[in-house]
Amino acid sequence: MTQFFRLTYKDIFISLFDVTTDLPLADRFQALADPTRLRIVALLRAMELSVGELAQVLAQSQPRVSRHIKILGDAGLVERRKEGSWVFLNLVPEAEPDQLFALLDGWSDEASRSAFVADGARLTAVRQDRAEAAQRFFAARASDWDDIRSLHVAETEVEAAIAELLGQGALGRLVDIGTGTGRMIELFGPRATSAIGIDRSSEMLRLARAKLDQAAVPGASFRQGDMYALPLPDAAADIVILHQVLHYAQNPAAAIAEAGRVLAPGGRLLVIDFALHEREDLRSRDAHVRLGFATDAIRGWLKSAGLRGDDTRKLEGGELTVMLWSACKPAKRLRVAA
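The sequence shown begins at 1 in full-length UniProt numbering and counts up by one.
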């Protein structure tokens, strides 16, 4: 029995501590030897969260949650990223302990399991509240959404840069995630064998359909769906576009991974969004979840999705800088370091 315990101990935890650090092994165990910190690790396994969201799910004060986060951060397990007045948290990619996750999933202690299940239910509620707030915003402003976008940066310059990245040839099967008014389908749908616009908002889809009826784009269609669970099979697209959508994502990495799933080998993903900025009012006024993105973060998510970044463009000239990130899906999936 003792020998079995030792083998299980090693199998479960060795990957957790196989990270470059000066911390003794005991310190890393100590970082996890707390019920709240175990719950935090389980929640961050599901998605990136802000400190406020974690406090809401855990029903604890933000200062208390921040103290737990500091301990996990000092242990090299959790990383913090400040965006405006918000702080987002995620598990350090190199430290993600698959064997620990397996242990959490299979844990038979009723009290612990009940806590994880309850946290998951509250997390679902938090995500739903945020999604509904964004959807209400879109519905309220559907008719002038193109105008809102143009306030941030000149769309003509952005569209010209997208066209340059896509080249002059046929585009094959085009998918526009978060299509909004259908502008990307309107511009590039005529060059595609098929063009599908996907959006969560039925109001936006109605507007897009009306707009595309006037533009007469053959082979264009629209579907209601979520960026995290696209209503498409694997390898269904040759071109996937995320145009000014990712800053609404609670989990950008998952959105990029899902875009990668529907992309066929040899296909291309374009992500168009803002560089990091400090316009805090965009959270409350325009329902932005993220205040832009760093190129290193985007490249990391692309790599995790099995995509190879091949071009980056920066468009300055307004208060906000627009970035274009291009990536291709190799015929053979990239090997991502554990």
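Ideal Cβ positions, reconstructed from N, Cα and C, are used throughout, including at glycine.
Could you say which of D310, R268 and A42 lies nearest to A102 if we only look at CA atoms? Taking only the C-alpha atoms, the option nearest A102 is A42.
Within the chosen definition, does the region 291-309 reach the region 226-237 through at least 3 CB pairs nearer than 8 Å? By the Cβ criterion, the region 291-309 is not in contact with the region 226-237, since fewer than three pairs of Cβ atoms, one from each stretch, lie closer than 8 Å.
Let me check understanding here. Comparing Cα to Cα, which of A115, A55 and G106 lies closest to W86? A55
Distance between R299 and G197 (C-alpha atoms, nearest Å): 25 Å
Check whether V240 and A257 have beta carbons under 9 Å apart: no
Buried or exposed by the 16-neighbour rule on C-beta atoms within 10 Å, applied to Q244: buried
Are L242 and G178 closer than 9 Å when you measure CB to CB? With contacts defined by Cβ atoms closer than 9 Å, L242 and G178 form a contacting pair.
Considering only the beta carbon of each residue, do E186 and L207 sit closer than 9 Å? no
State whether the region 219-229 contacts the region 275-290, with contact taken as three or more CB pairs (one from each stretch) at a distance under 8 Å. no
To the nearest angstrom, report how far apart V175 and D199 are at their CA atoms. 11 Å
Separation of G309 from residue 349, as counted between CA atoms: Nothing about residue 349 can be reported from this structure: the residues present for the chain run from 1 to 338 only.
CA-to-CA distance, S304 to A160, given in whole angstroms: A160 and S304 have their C-alpha atoms roughly 29 Å apart.
What residue range is occupied by the uninterrupted beta strand (DSSP E) comprising Q56? Run containing Q56: none in the beta strand (DSSP E); it sits in the alpha helix (DSSP H), V51 to L58.
So, is V117 buried or exposed, given that buried needs 16 or more other C-beta atoms within 10 angstroms? exposed
For L324, tell me which candidate among L269, G52 and D286 has the shortest Cα-Cα distance. Ranking L269, G52 and D286 by Cα distance to L324 puts L269 first.
Quick check on the burial criterion: 16 or more other C-beta atoms within 10 angstroms. Buried or exposed for E316? It counts as exposed.
Taking the beta strand (DSSP E) that R313 belongs to, which residues open and close that run? Element bounds for R313: R308 to L315.
Distance check for D273 and A170, CA to CA, integer angstroms please. Across the structure, A170 and D273 are spaced so that their CA atoms are roughly 24 Å apart.
Determine the direct distance from the alpha carbon of A125 to that of Y248, and round the result to whole angstroms. 17 Å
Is the separation between the beta-carbon of G120 and that of A215 shorter than 9 Å? no
Pick helix, strand or coil for A229, following the three-state DSSP scheme. strand
For W301, which residues from the same chain have a beta carbon less than 7 Å from its beta carbon, with the 5 sequence-adjacent residues on both sides left out? P252, A253 and I256
Sheet register partners of K82 (DSSP bridge): K82 pairs with V87.
Neighbourhood of R127 by C-beta distance below 7 Å, restricted to the same chain and skipping five residues each side: Q250
Quick one: grab the DSSP three-state call for S201. Coil, per DSSP.
Provide the residue span of the beta strand (DSSP E) that contains L263, from first to last. L263 to F274
Identify whether G172 lies in helix, strand or coil by the three-state DSSP scheme. Here G172 sits in strand by DSSP.
Of the residues G180, P218 and S194, which one's Cα is nearest the Cα of L205? G180
For R223, which beta-bridge partners are listed by DSSP? I198
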